[in-house]
Amino acid sequence: MKNKKTLYHFVLDRSGSMSNCTEATINGFNNQVATIKKLQEEFPEQEFEVSLTIFDDIIDHVQSHVRINNFEHLSHSRYIPRGATALLDAIGMSINQIRIANETKILNNEMSIVMVILTDGMENASREFTYHQIAKTIAELEATEKWTFTFLGADIDAIHTSKMLNIRSENVVSFNKGDMDYMMNNVSEGMRQYSQSKSIGITKKNFLDFIKNKDQRK
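Counting from 1, position 90 in the sequence shown corresponds to residue 90 in the numbering used here; the numbering is continuous, with no gaps.
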């Protein structure tokens, strides 16, 4: 297979309001890393890299383009909720970082990108990017069929925000923070199905299509 490399890039809210689900967030992300390590064993012909960006009003690229077997788990010392929500800057800077490092591989159909964005609040602190800029970029990248964007809203209306970002409705879910473990497990399942599809030459567009109810809030 030519397109054998997948970069899984998780963009994770670290703003102050995430403090009531810190433990579940850390454990959930680390469980995703464990899942991708198992996928590397299950699909040895594929290559998996992982990047993690966490954000409040500061954007922190914790680890970038790391082979899955070398990726370090997220620690409590690194994930301490604080500050505001620079959602647009986190997305825009993450996209730019990926393109600078991997544009040639993506254009040559040697690599695909899965970006998962998780937040519990509305944009209120970005300085570099606007909704219009991010929405335009996401639409252009998804049209290449090499990029898949997923948006998860914890205790917020993710559908409304994702429309402003041009993210496909099939890849958007609203959920309760109390169900963080459940939601993170769904993301892991999405990655498993994505890898299965890629093994037969299909880059899956609908990352969470197995979740029929897109508003899981009670």
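C-beta: ideal position from N, C-alpha, C; glycine also. From a predicted model like this one, the values you see are computed outputs, not experimental measurements.
Alpha-carbon to alpha-carbon, residue j and residue i
i       : j       : result
Tyr-79  : Gln-40  : 26 Å
Thr-144 : Gly-153 : 25 Å
Arg-217 : His-160 : 14 Å
Ser-64  : Val-50  : 7 Å
Ile-156 : Gly-178 : 13 Å
Arg-168 : Tyr-8   : 18 Å
Met-111 : Cys-21  : 33 Å
Lys-205 : Ile-100 : 23 Å
Asp-120 : Arg-82  : 13 Å
Ile-202 : Glu-42  : 17 Å
Asn-109 : Leu-141 : 13 Å
Leu-107 : Lys-146 : 9 Å
Pro-44  : Lys-4   : 10 Å
Continuous alpha helix (DSSP H) stretch holding residue i: start and end
i       : result
Asp-181 : 180 to 199
Phe-29  : 22 to 42
Ser-162 : 158 to 165
Residues that residue i bridges to, as DSSP identifies them
i       : result
Glu-49  : Leu-7 and Arg-67
Val-62  : Per DSSP, none; premise fails for Val-62.
Ile-54  : Leu-12 and Asp-60
Ser-174 : Gly-153 and Asp-215
Contact under 8 Å by Cβ, residue i with residue j
i       : j       : result
Leu-165 : Tyr-194 : no
Thr-25  : Met-191 : no
Ala-90  : Asn-124 : no
Asn-185 : Ile-211 : no
Arg-14  : Ile-54  : yes
Thr-6   : Val-116 : no
Gly-28  : Asp-181 : yes
Thr-148 : Phe-71  : no
Phe-129 : Leu-74  : no
Ser-219 : Gln-46  : Because the chain is modelled from 1 through 218, residue 219 falls outside the range shown and cannot be assessed.
Ser-94  : Val-172 : no
Gln-32  : Ser-188 : yes
Asp-209 : Glu-170 : yes
Ile-134 : Gly-92  : yes
Residue range of the unbroken beta strand (DSSP E) whose run includes residue i
i       : result
Ser-169 : First-last for Ser-169: undefined, no H or E at that position.
Residue i beta carbon near the ligand FAD (any heavy atom closer than 7 Å)
i       : result
Thr-137 : Here there are no bound small molecules, and the ligand FAD is not part of this structure.
Whole runs of the alpha helix (DSSP H) within the region 66 to 153, excluding any shorter than 4 residues: 87 to 107 and 131 to 143
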